[in-house]
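At position 10 of the sequence shown the residue is numbered 29 (this note's numbering), and the sequence of numbers has no breaks.
All C-beta atoms in this analysis are idealised placements derived from N, C-alpha and C, irrespective of residue type, glycine included.
To start, the structure itself, in structure tokens.
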Amino acid sequence: HAQYRRVLYSRGLFYDSDQVWRLMGATVLNGENDTSNEFLTIDDAQKVNTFALSTSLGRLSMWSLNRDYQCGSNVGTKADTVSFCSGLKQSDGEYAQVLAQGLTGIPGTLVDYSEAWKDTDSTVSYKKWDSASGMRQGTRS
């Protein structure tokens with residue numbers, strides 16, 4: 020937070036502490052990590068949620084929703100755990116529920132940028148083809 024605030028200040032963006040928190044986000048890995056003895060428990064997720072609420076953190080997400088359930092008895096390796104389940108005792112969807120408590124927003128909202136990428140005469144970087152203008156082959160401007 021402090022480092023990011025210094026970067027913003029160096030660029031003439033004088034945000035207060037609360038504004039900087041709203042610009043930032045965090046992504047947690049729910050459950051067992053692929054690094055030995057690293058994991059995020061449900062209690063840890065509650066602490067992350069409390070922190071996000073107390074700082075007005077701009078975004079909170081987790082990796083990954085497909086891991087948000089307890090592993091069954093057929094999980095064979097640590098790689099399977101990291102990919103397909105949390106590796107810890109939990110109820111289905113519990114991490115998502117705990118992390119989302121008190122937060123607003125709609126997860127997975129997509130922004131339609133299709134209109135932003137349409138060229139117009141004023142934004143195109145080269146002259147558009149015009150059969151009446153007699154442009155030579157290979158001409159770009």
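Beta strand (DSSP E) segment containing residue i, residue limits
i, result
"Ser-80", "78-82"
Limits of the unbroken alpha helix (DSSP H) element including residue i
i, result
"Leu-166", "Any answer about residue 166 is impossible in this case: the structure gives the chain only from 20 up to 160."
"Tyr-114", "113-119"
Per DSSP, cross-strand counterpart(s) of residue i
i, result
"Ala-45", "Leu-79"
"Phe-103", "In the DSSP output, where bridge partners are listed per residue, Phe-103 has none listed."
"Gly-50", "Leu-59"
Rounded distance between the beta-carbons of residue j and residue i, thought under 8 Å
i, j, result
"Leu-118", "Phe-58", "That belief does not hold up - the Cβ atoms of Leu-118 and Phe-58 are roughly 15 Å apart, past 8 Å."
"Thr-46", "Ser-80", "5 Å"
"Gly-124", "Leu-76", "In fact, because the Cβ distance is near 11 Å, the residues do not count as touching under 8 Å."
"Gln-120", "Ile-61", "About 12 Å separates the two Cβ atoms, so there is no contact after all."
"Gly-50", "Ser-92", "Going by Cβ atoms, the distance from Gly-50 to Ser-92 rounds to 16 Å, so no, they are not a contact pair."
"Tyr-114", "Ala-64", "5 Å"
"Trp-82", "Leu-48", "5 Å"
Is there contact between the stretch 81-94 and the stretch 28-42, where contact requires at least three CB pairs shorter than 8 Å? no
Does the stretch 72-81 come close enough to the stretch 23-33 to have 3 or more Cβ pairs within less than 8 Å? no
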